[in-house]
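Residue numbers (the numbering used here): 199 to 595. The beta-carbon is built from N, C-alpha and C at its ideal position, and this holds for glycine as well. The block underneath contains the structure these notes are about, expressed in structure tokens.
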């Protein structure tokens with residue numbers, strides 16, 4: 199029964215905070231992040247379990263219960279599936295050049311900045327590389343929620359951010375796979391790089407084949423409103439996400455791709471009912487639990503022990519992402535203000551930063567102090583992105 203009351207408490211707090219933020223015209227995700235910070239271990243500690251051991255900085259390790267951790271991961275899945283569901287693939291196809299410009303520049307510029315800052319403080323090549331990689335990533339799930347809250351997910355700027363984020367994350371995970379191989383073996387072999395790239399190409403090939411060849415054939419099952427259409431859409435999403443996970447890619451990329459294939463021309467009159475069902479689950483239940491969970495990873499001990507490292511890392515993260523993504527957007531055809539909006543919007547990192555931080559800890563490249571720095575960077579960049587984006591949109595209008 200404890201898990202029931204925990205979920206009840208989280209959703210009640212999120213609902214009340216959401217009413218307040220809606221009244222003042224603020225994005226709901228901002229309230230959810232602040233709610234997680236207050237009710238979670240960083241402040242009041244009402245929700246969240248305290249670990250049995252301390253980190254290297256003397257701070258307790260905070261963890262979800264297994265059940266809530268599963269719900270948070272499902273929140274990521276449903277947010278990404280719904281983002282793909284309401285994205286028009288035809289419009290995505292028209293801006294491929296912008297996606298690659300934003301994704302490539304938005305990956306390598308913050309990676310370089312993060313590497314330089316970490317190298318200055320640690321003088322360790324591999325630690326600097328993993329830290330830089332963590333700064334180069336951007337959270338698809340968090341970005342989808344921010345853009346949807348602001349009503350620009352289906353705009354030119356919104357499509358550019360989402361497409362650029364897909365390219366960004368793919369590049370980040372490819373580089374991560376090569377880096378792990380190099381750390382383990384000691385050298386970077388060309389065959390390892392080719393193998394990793396081949397896996398990515400194979401995944402997209404399988405996903406495209408299922409979406410554009412198999413899906414239209416079985417699409418008649420979606421021509422029904424109610425549970426059957428929803429269940430089959432969910433099966434498709436989990437299948438593609440699962441294939442990506444098995445091939446070493448993060449499951450949220452597969453979830454987003456799967457959502458793209460659930461199109462109105464295949465579903466027919468049931469599309470509106472299907473879209474509403476996924477919106478209810480993603481934005482009304484599982485999504486808020488995932489967003490709140492991001493705030494649970496913040497540790498304030500880094501302010502005292504690594505003050506200048508933290509400040510430099512935050513500057514490198516935000517400046518690198520804005521300069522890289524905005525520059526890539528501008529060079530591929532967007533206007534200056536649109537490009538700057540894209541650069542600011544790409545700053546929301548969230549779970550990608552946390553995943554890469556934990557990978558670095560597991561392989562022994564990062565210490566607990568480095569993980570804490572990355573966690574706080576992810577929280578701050580996710581926190582400042584919605585108001586910064588809203589300011590840019592207000593200036594544009």
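| Check | Outcome |
| --- | --- |
| Three-state class that DSSP yields for residue 544 in the structure shown | coil |
| Same chain, Cβ closer than 7 Å to residue 496, five either side skipped, listed in chain order | 235, 240, 573, 574, 577 |
| Nearest residue (CA-CA) to residue 207, options 227, 218, 222, 243 | 243 |
| Span of the alpha helix (DSSP H) around residue 412 | It is not in any alpha helix (DSSP H) - residue 412 carries neither H nor E in the DSSP assignment. |
| Check whether residue 282 and residue 362 have beta carbons under 8 Å apart | no |
| Enclosing alpha helix (DSSP H) for residue 209 [first to last residue] | 200–221 |
| Three-state class that DSSP yields for residue 268 in the structure shown | helix |
| Reduced DSSP category for residue 243 - H, G, I as helix; E, B as strand; rest coil | coil |
| CA-to-CA distance, residue 325 to residue 480, given in whole angstroms | 35 Å |
| Residue 431 vs residue 453 beta-carbon contact at 8 Å | no |
| For residue 270, the nearest candidate out of 515, 517, 279, 487 (CA to CA) | 487 |
| The stretch 372–381 contacting the stretch 545–564, beta-carbon criterion three pairs below 8 Å | yes |
| Alpha-carbon to alpha-carbon, residue 221 and residue 374 | 42 Å |
| Proximity of residue 358 and residue 335 at Cβ, strictly below 8 Å | no |
| Buried versus exposed call for residue 388 [16 or more other C-beta atoms within 10 Å across all chains shown] | exposed |
| Cβ-based burial, residue 593 [other Cβ within 10 Å; buried from 16] | exposed |
| Per-residue burial, residue 308 [other beta carbons within 10 Å of its own, 16 or more giving buried] | buried |
| Unbroken alpha helix (DSSP H) run spanning residue 296, endpoints | 294–320 |
| Burial state of residue 568, where buried means 16 or more other Cβ atoms lie within 10 Å | buried |
| Per-residue DSSP class, three states only, for residue 336 | coil |
| Buried versus exposed, by CB contacts within 10 Å (16 or more), residue 267 | exposed |
| Cβ-based burial, residue 299 [other Cβ within 10 Å; buried from 16] | buried |
| Separation of residue 582 from residue 332, as counted between CA atoms | 18 Å |
| The alpha helix (DSSP H) enclosing residue 234, as first and last residue numbers | 226–237 |
| Cβ-Cβ distance between residue 272 and residue 554 below 8 Å | no |
| Contact check, residue 451 vs residue 364, beta carbons under 8 Å | yes |
| Status (buried if at least 16 other CB within 10 Å, exposed otherwise) for residue 280 | buried |
| First and last residue of the uninterrupted alpha helix (DSSP H) at residue 503 | 500–503 |
| Close-in-space but distant-in-sequence residues of the same chain around residue 366 (CB under 6 Å, 5 per side omitted) | 301, 304, 305, 336 |
| Residue 400 classed as buried or exposed, judged by whether at least 16 other C-beta atoms fall within 10 angstroms | exposed |
| For residue 338, the nearest candidate out of 398, 321, 489 (CA to CA) | 489 |
| Cβ separation of residue 571 and residue 500, assumed to be a contact under 8 Å, to the nearest whole Å | 6 Å |
| Neighbourhood of residue 441 by C-beta distance below 8 Å, restricted to the same chain and skipping five residues each side | 401, 404, 405, 452 |
| Span of the alpha helix (DSSP H), counted from its first residue to its last, around residue 564 | Taken as a continuous stretch (DSSP letters only), residue 564 belongs to no alpha helix (DSSP H), as it is neither H nor E. |
| Integer Cβ distance of residue 458 from residue 428, believed to fall under 8 Å | Not a contact, Cβ separation roughly 17 Å. |
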